[in-house]
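To start, the structure itself, in structure tokens.
Number of protein chains: 2
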Amino acid sequence: MKKTKATGNENLHRKVAESIGSQILEGVYAPGAILPNEADWCRIYGASRTTVREAVKTLNAKGLLKSRTKIGSRVEPREHWNILDRDVLAWHLASMPPTEFFASVQQVRKILEPEIAALAALNHSPSQLKVISDALLEMQSAKNGQESVAPDVKFHLALLAAANNPLLSPFGIMIETALTSMFETTSTSAGGPDIFVPQHEVILKAVARGNDSAARRAMIVLLENTDKIIADSSAATKSKRPHKN
Amino acid sequence: MKKTKATGNENLHRKVAESIGSQILEGVYAPGAILPNEADWCRIYGASRTTVREAVKTLNAKGLLKSRTKIGSRVEPREHWNILDRDVLAWHLASMPPTEFFASVQQVRKILEPEIAALAALNHSPSQLKVISDALLEMQSAKNGQESVAPDVKFHLALLAAANNPLLSPFGIMIETALTSMFETTSTSAGGPDIFVPQHEVILKAVARGNDSAARRAMIVLLENTDKIIADSSAATKSKRPHKN
DNA sequence: CAATGCTGTTTTGTATGATAAAAGCCGGGA
DNA sequence: TCCCGGCTTTTATCATACAAAACAGCATTG
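From first to last, the protein sequence lines stand for chains A and Y. According to this note's numbering, the first sequence is numbered sequentially starting from 1. According to this note's numbering, the second sequence is numbered sequentially starting from 1001.
Rendered as structure tokens:
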């Protein structure tokens, strides 16, 4: 029973960073605003200055803040935020209505993923292709929506990896976050495995035979279907899921 | 009190982070490898543990590392790296032949920027449009290539802002880094202002009148021209610019 | 012999307190 | 009025100490 840690399994400086970061994403501290100084944060969280400073350094590294001597830490303009960072994206998602978030994500996905599928068709290595088809197999053998989320994410990430452009990889986090969280809010909605598993199959086949335009087209179909699911679910849960603040 | 470091105008922990980060991007420490521990870094850089730890936290925040008690700090797989972070991107650029970097960038730009131009045509606000046209004016009045880089960057960033999708903003850093560094390696090449200024004008006009498909097409033309400039310059400087390591 | 549990060691995590340096603020003097 | 130097606030850096996690290896026991 030595596991009596009240605070949980995460580092303290991580939690402080998460708390401050969330507040910034929520708009408690707007861009340009000066944050409380280190001593204040120490009092607020009951943590040492060392810990607070590491948290602040973390937020600096993610582009949310800029600390300067005598001035303090100032919130950077939004364009500087590393929004595709895993943590920042999570805070962002938590700070806005999911439907709005999904709209932004889908807009980006519809731009990128068809081209990613096309690139994957042209550039994939055999082992990368195998990861994609493995993901599809797992998706097919999933018994319910819950189980199919992980393979679904894996499929899209594998496709991204097969595109072989390192500059695109940050989008993996976006896809992962979006698909996972999308499922949580649309789990009971229509358009289940019967529809989207075959659509993934079409993509895989096109990629496998190196047909980029077919891969692109198949991905567009899948994304339009996703749009529809989101629209249905958003209509269904309307005014039933107020934004928790 | 050998406190007389003060080696420059930048923070010490920043420099340490930069040094370690560069080494990771160069492959000195491959994904999965365990880094020297904090005490070692202290000796290497002659810095205190506090400073080293802040640097390591920074790299953690950028997704390059993951630190765990007793294990040490392990380099994360490339997919986790925050490659669109300003610093990481700079280290990445410094660690590879520029032509290879430009190829990756152009591939992404050709996917995204036409759609960004289209979105900008549909979603821009009056003030956002003004920033774009201001950038164009500055570009027109630039006397040489050197002077035209900043307005060029500004033009593309303003377009990105006018697209009004926060999830796309990380690409601003990529565009900025690419255009700036591209100029440095292609400054004397052909296809100067006489060609690309009018091409930017066409984009602006299409955006201004909300014609998304025209904006998209104009951007495609511009990017193809950029491709050509890169190809010329890369042929010209072939084997004259070995990769500095 | 094998499984289990304890103890030691290594490495990061956190706390404390002290000093340094940057940069805005403000008062004094020419 | 303007400029200069000290005052003050805030981050930056240092040094030291102890806590906690997790692996390694030994001992203990069935």
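Glycine included, every Cβ here is placed at the ideal spot set by N, Cα and C.
Where residue i meets chain A, residues with beta-carbon distance less than 7 Å
i	result
K1062/Y	A61
T1226/Y	Ordered by position in chain A, no residue passes the 7 Å Cβ test against T1226/Y, which lies about 16 Å from the chain.
M943/Y	Because chain Y spans 1001 through 1245 in this model, residue 943/Y falls outside it and cannot be assessed.
Q1107/Y	N165
Amino acids of chain Y, ordered along the chain, whose beta-carbon sits closer than 9 Å to that of residue i
i	result
A161/A	E1079
R74/A	Near R74/A there are no residues of chain Y at all, since even the closest Cβ is about 16 Å away, more than 9 Å.
S95/A	Chain Y residues near S95/A: none, gap ~12 Å exceeds 9 Å.
T50/A	T1050 and R1053
Rounded straight-line distance, which links the Cα of residue j to that of residue i
i	j	result
D40/A	W91/A	22 Å
G1210/Y	P1114/Y	14 Å
M96/A	E26/A	8 Å
I173/A	K1228/Y	33 Å
V108/A	T226/A	13 Å
D1232/Y	A1178/Y	17 Å
I44/A	T1069/Y	26 Å
L1059/Y	A1017/Y	7 Å
P1036/Y	A47/A	28 Å
V207/A	P126/A	11 Å
N165/A	H1080/Y	14 Å
V1131/Y	L1122/Y	16 Å
S234/A	R217/A	26 Å
K1002/Y	K1057/Y	Only weak support exists for where K1002/Y lies, its pLDDT of 33 falling under 50; the coordinates are left without a value.
Q106/A	A1163/Y	14 Å
L65/A	A94/A	19 Å
T1186/Y	A120/A	30 Å
R49/A	H1200/Y	50 Å
R53/A	L157/A	34 Å
L137/A	C42/A	50 Å
I220/A	K110/A	7 Å
A1214/Y	A1118/Y	8 Å
P151/A	G1145/Y	50 Å
M182/A	A1142/Y	48 Å
I1230/Y	L1089/Y	19 Å
Q1023/Y	L12/A	28 Å
H124/A	R1014/Y	38 Å
S1133/Y	I1203/Y	10 Å
E147/A	I195/A	16 Å
L1160/Y	I1071/Y	42 Å
DSSP beta-bridge partners of residue i
i	result
K1205/Y	Answer is none; K1205/Y lacks a bridge partner.
K66/A	R74/A
I1034/Y	R1074/Y
As assigned by DSSP and simplified to three states, the class of residue i
i	result
V108/A	helix
G1072/Y	strand
G27/A	coil
S22/A	helix
H1124/Y	coil
S95/A	coil
I83/A	coil
G145/A	helix
N1225/Y	helix
K15/A	helix
G172/A	helix
A1214/Y	helix
N1164/Y	coil
S48/A	coil
M219/A	helix
Burial state of residue i, where buried means 16 or more other Cβ atoms lie within 10 Å
i	result
L1168/Y	buried
E76/A	buried
N1082/Y	buried
S73/A	buried
G1032/Y	exposed
V1149/Y	buried
I34/A	exposed
V28/A	exposed
I1116/Y	buried
P1198/Y	exposed
K154/A	buried
D85/A	buried
L20/A	The sequence as given places Ile at residue 20/A; Leu does not occur at that position. With 16 or more Cβ atoms within 10 Å of its Cβ, I20/A is classed as buried.
Partner residues on chain Y for residue i, Cβ-Cβ distance less than 8 Å
i	result
S169/A	R1078, E1079, W1081 and I1083
T112/A	Checking the displayed sequence, the identity of residue 112/A turns out to be Leu instead of Thr. Result: I1111 and L1112.
M174/A	L1167
Partner residues on chain A for residue i, Cβ-Cβ distance less than 8 Å
i	result
T1058/Y	K57, T58, N60 and A61
R1216/Y	Within chain A, no residue comes near R1216/Y; the closest Cβ sits about 11 Å away, beyond 8 Å.
Residue i: contacting residues in chain Y (beta-carbon distance under 7 Å)
i	result
P166/A	R1078, I1083 and S1104
E115/A	I1111
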